[in-house]
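Residues in the sequence shown are numbered from 0 upward in steps of one, following numbering that gives the first Met the number 0. By construction, the Cβ of each residue, glycine as well, lies at the ideal position given by its N, Cα and C atoms. First up is the structure itself, then whatever we jot down about it.
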Amino acid sequence: MIPDVSKALSWLEANPTVLNGICRGIERETLRVTPDGHLAMTGHPEPLGASLTHKWITTDFAESLLEFITPVDSDIERTVAFLKDLHRYTAQNLGNEKMWPLSMPCFIDKEENITLAQYGTSNVGRFKTLYREGLKNRYGALMQTISGVHYNFSLPISFWQAWLGIKDAESGKEQISDGYFRLIRNYYRFGWVIPYLFGASPAICSSFLRGRETALPFEETEKGTCYLPYATSLRMSDLGYTNKSQSDLNITFNNLHSYVEGLKKAIHKPSTEFAALGSKKDGKYLQLNTNVLQIENELYAPIRPKRVTQESESPSDALLRGGVEYIEVRSLDINPFSAIGVNEIQIRFLDLFLIWCALADAPEMSSKELDCCRKNWNKVILEGRKPGLNIGIGYGIEQQPLKTVGQELFKDLERVAEVLDTCSGTQYQSACKELVGMFEDPSLTFSARVLGNMKAQGIVGFGLELATKYHRELLEEPYSILSEECFSVERHASIERQKSSEQQDSMDFEDYLKLHAGY
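Structural data, given as C-alpha cells:
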C-alpha cells in the first residue's frame with residue numbers, strides 16, 4: 000500500500016506556514032489548425048514575434064506547434080490569468096486558424112507537411128532546428144506533434160529549512176537536491192494517478208497510425224477514430240512520448256550525482272541504429288550526432304529535475320553547479336475542457352500530490368523497480384478504467400486494486416489540503432472532493448468523458464468543435480493582466496534579440512556543433 004506519512008503530515012499540520020511561497024510555471028503546447036481541422040501549413044505568425052527569443056510565446060517541434068510559457072509565480076490565479084492572456088492575444092492574431100484543444104494531433108495527411116520549427120540564421124537557432132531534424136529522422140515527425148502541458152513546481156526555501164534543518168539554499172543544495180529526488184522516486188511509484196485522473200487521449204485519428212506498426216488492439220469507428228475502451232492517455236503510451244532505445248540506459252533517481260552521471264553517459268553513448276542514419280547526406284545535416292541522445296533534453300521522462308541554465312550551460316551542468324531548483328511534471332495531457340489546456344483544480348491537485356511525494360518515505364529505487372513502476376504507468380495508460388484493475392506495489396509482487404490505492408492516497412492529500420487552505424479558503428479541499436470520486440466512478444475521469452464524443456464525432460469533429468468554441472470565447476474576453484502594449488513591446492524586443500544573436504555570431508556552424516553536440 001502507500002507509505003505511512005502520518006508523522007510527516009502531523010509535522011506539516013504543526014508548521015503550515017512552511018508552504019507559503021510555492022512557485023509554479025506552466026508550459027502549454029498546441030497545434031495551429033485550419034478551419035477544416037487539418038494541420039496549418041503557414042509559418043509562425045509575425046505578430047507573435049521571434050519564436051527563438053520571445054519570453055512567452057514560442058514553438059516546440061514544428062512551426063505549427065505553439066508553446067506558451069508563463070513566468071514563475073506563487074499565485075495560482077495570476078498564473079492562470081497570464082496563460083489565458085497569452086491565448087487571447089494569439090487567438091486575435093491567427094487569422095482563420097485555431098488552436099487544437101487535444102493532445103493527439105489533428106488530421107495530418109502526410110508527414111512531409113510538418114515543417115520543422117524555424118529559428119533564424121544564428122548558430123543557436125540553426126542548432127535548435129537541426130535537433131528537431133534529428134528527432135524527425137529518429138522517431139518520425141508525427142510523434143513530435145503530440146501536445147502536452149508541463150507543470151514547473153518548486154517548494155519554498157522555508158519548507159526545506161524546516162524539513163531538513165538547513166541554513167540556506169546554497170549551503171543546503173545537496174540536501175534540497177536529495178529532497179527533490181525523493182519526490183521524483185515517489186512520483187514514479189504513484190504518479191500513474193495523473194493519467195488516471197486527467198489523461199484525455201483515449202483515442203487517436205487513424206491518420207496517426209498510417210504506416211506505423213502497433214500491437215495495441217484498437218477498435219475503429221466509421222469516422223476513422225481508433226480507441227482502446229479503457230485507455231486514459233495514449234499520448235503517454237509507446238505510440239507517443241516513449242523511446243525504446245532509451246530503455247536500457249539505467250538512469251536512476253536515487254541522487255543528483257548518479258542521475259547526472261547516467262545522463263552524461265547517454266549523450267556520449269554511440270547508437271548503432273542512429274549511426275545507420277548518418278550525420279550528413281548530400282551536404283545536409285541529418286542529426287546533431289549519432290549517440291543515443293543528441294542532447295539531454297531528448298531523454299523522455301514523465302518528470303525532470305531542473306535548474307535554470309546560464310549561457311552555454313547544459314541542464315546537467317546547471318544541476319551540478321547549483322543543485323535541483325525545481326521539478327518539471329511532464330505527464331499532463333491537454334485538458335479538452337479548458338480553453339487554455341489546464342485548469343486550477345489540476346494545479347491544486349499537483350501541488351498536493353507533489354508535496355505528498357516530498358514528505359513520504361522513498362527508499363532508493365533499483366532499475367528493476369523502476370521498470371515495475373513503468374509497467375504500472377503503462378497499465379493505467381492503456382486500461383486505467385478497466386473494472387477491477389490492480390496496481391503493483393514495490394517490485395510488482397504485491398498487487399492492490401487501483402481504486403483502493405487511489406482512495407488511500409487521497410486520505411493523505413486531504414490532510415495536506417487542509418494545511419494549504421488555512422490561509423486561503425477551501426479550494427484545495429474542494430479539489431480533493433471533486434477528484435476522489437473518480438476512483439469510485441471511473442466515468443468521471445477526463446478520458447471517459449471525452450471518449451464518447453471522440454467516438455461519435457471523430458477526433459477531428461470533436462476537436463474542431465472545441466477549437467471553434469474556445470476561439471470565440473477568447474476573442475470576446477478582455478485581457479486581465481497583460482495588454483496590447485505589453486505584447487507589442489515583447490514582440491519587437493524578441494525580434495531585436497534574435498537579430499542581435501545573428502549579428503554577434505562569429506563561429507562557423509561546424510565548429511559550433513563540435514563544441515555543443517560532439518559532432
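Beta-carbon contacts of residue i that lie in its chain and below 8 Å, excluding the five residues immediately before and after
{"i": "isoleucine 302", "result": "Ile183, Tyr186, Tyr187, Gly190, Ile326, Glu327, Val328, Arg329 and Ser330"}
{"i": "lysine 279", "result": "Leu285"}
{"i": "glutamate 218", "result": "Cys225, Tyr226, Leu227 and Pro228"}
{"i": "glutamate 524", "result": "This structure does not reach residue 524, given that the chain is present from 0 up to 518, and the question cannot be answered."}
{"i": "methionine 453", "result": "Pro201, Ala202, Thr224, Tyr226 and Phe461"}
{"i": "lysine 166", "result": "Gln160"}
Beta-carbon proximity list for residue i, same chain, < 6 Å, skipping 5 on both sides
{"i": "alanine 430", "result": "Ile344, Arg347 and Phe348"}
{"i": "aspartate 360", "result": "Pro2"}
{"i": "leucine 369", "result": "none"}
{"i": "isoleucine 458", "result": "Cys204 and Thr224"}
{"i": "alanine 230", "result": "Pro201 and Leu381"}
{"i": "lysine 385", "result": "Tyr229"}
Residue closest to residue i, alpha-carbon to alpha-carbon, out of the options
{"i": "glycine 94", "options": "Leu319, Asn122, Thr41 and Asp84", "result": "Thr41"}
{"i": "histidine 515", "options": "Cys105, Gly124, Lys109 and Phe60", "result": "Gly124"}
{"i": "proline 477", "options": "Glu62, Met0, Lys6 and Lys83", "result": "Lys83"}
{"i": "threonine 89", "options": "Pro216, Glu218, Phe67 and Ser257", "result": "Phe67"}
{"i": "leucine 285", "options": "Leu512, Ala416, Ala39 and His53", "result": "Leu512"}
{"i": "glutamate 28", "options": "Thr144, Leu227 and Asp411", "result": "Thr144"}
{"i": "leucine 463", "options": "Asn254, His37 and Arg306", "result": "His37"}
{"i": "alanine 265", "options": "Arg234, Tyr299, Asp510 and Lys54", "result": "Tyr299"}
{"i": "leucine 85", "options": "Thr120, Pro104, Phe60 and Gly48", "result": "Gly48"}
{"i": "alanine 234", "options": "Pro104, Asp281, Ala7 and Phe180", "result": "Checking the displayed sequence, the identity of residue 234 turns out to be arginine instead of alanine. Comparing Cα-Cα distances from arginine 234 to each of Pro104, Asp281, Ala7 and Phe180, the minimum goes to Pro104."}
{"i": "threonine 57", "options": "Leu412, Leu115, Ala202 and Thr308", "result": "Leu115"}
{"i": "glycine 521", "options": "Ala168, Ser102, Leu262 and Asn136", "result": "Examination of residue 521 is not possible in this model, given that the chain is present from 0 through 518 alone."}
{"i": "isoleucine 396", "options": "Thr403, Asn375, Glu407 and Gly424", "result": "Asn375"}
{"i": "proline 314", "options": "Thr271, Cys485, Val259 and Leu408", "result": "Val259"}
{"i": "aspartate 177", "options": "Gly387, Thr251 and Ser121", "result": "Thr251"}
{"i": "glutamate 111", "options": "Thr120, Tyr118, Val79 and Glu62", "result": "Glu62"}
{"i": "valine 79", "options": "Gln428, Gly24, Lys367 and Pro15", "result": "Gly24"}
{"i": "alanine 140", "options": "Gly164, Lys109, Asn253 and Lys166", "result": "Lys109"}
Burial state of residue i, where buried means 16 or more other Cβ atoms lie within 10 Å
{"i": "glutamate 324", "result": "buried"}
{"i": "leucine 51", "result": "buried"}
{"i": "glycine 171", "result": "buried"}
{"i": "serine 394", "result": "Before going on, a small fix: residue 394 reads as tyrosine here, not serine. By the 10 Å Cβ count, tyrosine 394 comes out exposed."}
{"i": "cysteine 422", "result": "exposed"}
{"i": "isoleucine 380", "result": "buried"}
{"i": "valine 341", "result": "buried"}
{"i": "serine 274", "result": "Here the sequence assigns alanine to residue 274, which means serine is not the residue at that position. Per the 10 Å Cβ criterion, exposed."}
{"i": "glutamate 489", "result": "buried"}
{"i": "methionine 506", "result": "exposed"}
{"i": "asparagine 520", "result": "Nothing about residue 520 can be read from this structure; the chain reaches only from 0 to 518."}
{"i": "isoleucine 480", "result": "exposed"}
{"i": "serine 365", "result": "exposed"}
{"i": "histidine 256", "result": "exposed"}
{"i": "glutamate 169", "result": "exposed"}
{"i": "aspartate 281", "result": "exposed"}
{"i": "glutamate 433", "result": "exposed"}
{"i": "glycine 147", "result": "buried"}
{"i": "lysine 283", "result": "exposed"}
{"i": "valine 192", "result": "buried"}
{"i": "aspartate 510", "result": "exposed"}
{"i": "asparagine 122", "result": "buried"}
{"i": "threonine 69", "result": "buried"}
{"i": "glutamate 310", "result": "exposed"}
Cβ neighbours of residue i in the same chain (closer than 7 Å, five flanking residues each side left out)
{"i": "leucine 465", "result": "Pro100 and Pro335"}
{"i": "glutamine 399", "result": "Met0, Asn389, Ile390 and Ile392"}
{"i": "isoleucine 494", "result": "Gly48 and Ala49"}
{"i": "glycine 277", "result": "Leu285"}
{"i": "glycine 436", "result": "Leu443"}
{"i": "phenylalanine 409", "result": "Cys431 and Val435"}
{"i": "asparagine 208", "result": "Reading off the sequence shown, one finds leucine at residue 208, where the question assumed asparagine. Contacts found: Cys225."}
{"i": "glutamine 426", "result": "Arg347 and Asp420"}
{"i": "arginine 31", "result": "Ala39, Ser63, Leu65, Leu93, Glu96 and Met98"}
beta-carbon residue i near the ligand MG non-hydrogen atom, thresh 6 Å
{"i": "valine 259", "result": "This structure lacks the ligand MG, and indeed carries no ligand of any kind."}
Which ranges does the beta strand (DSSP E) cover as unbroken runs of at least 3 residues, wholly within the segment 382-460, from first to last along the chain? 389-392 and 397-400
Run through the segment 185-251 for me and flag every whole beta strand (DSSP E) of 3 or more residues, listed as ranges in chain order. 202-204 and 224-226
Which complete beta strand (DSSP E) runs does the segment 115-181 hold, if anything under 3 residues is left out? 147-153
For a minimum of 4 consecutive residues, which ranges assigned as the alpha helix (DSSP H) are wholly contained in the segment 16-96? 75-91
With three or more C-beta pairs closer than 8 Å as the rule, is the segment 313-323 touching the segment 438-451? no
Quick check for students: name the residue ranges of the alpha helix (DSSP H) that lie wholly in the segment 455-509, counting only runs of 4 or more. 483-503
In the segment 295-337, which residue ranges form an unbroken alpha helix (DSSP H) of at least 4 residues, counting only runs that do not cross its ends? 314-321
So does the segment 70-77 actually touch the segment 122-137, counting three or more Cβ pairs closer than 8 Å? no
Three or more C-beta pairs under 8 Å: does that hold for the segment 429-445 against the segment 213-226? no
Any contact of the segment 153-162 with the segment 4-23, i.e. 3+ C-beta pairs under 8 Å? yes
Suppose only complete runs of 4+ residues qualify. What are the alpha helix (DSSP H) ranges in the segment 261-293, listed by chain order? 271-276
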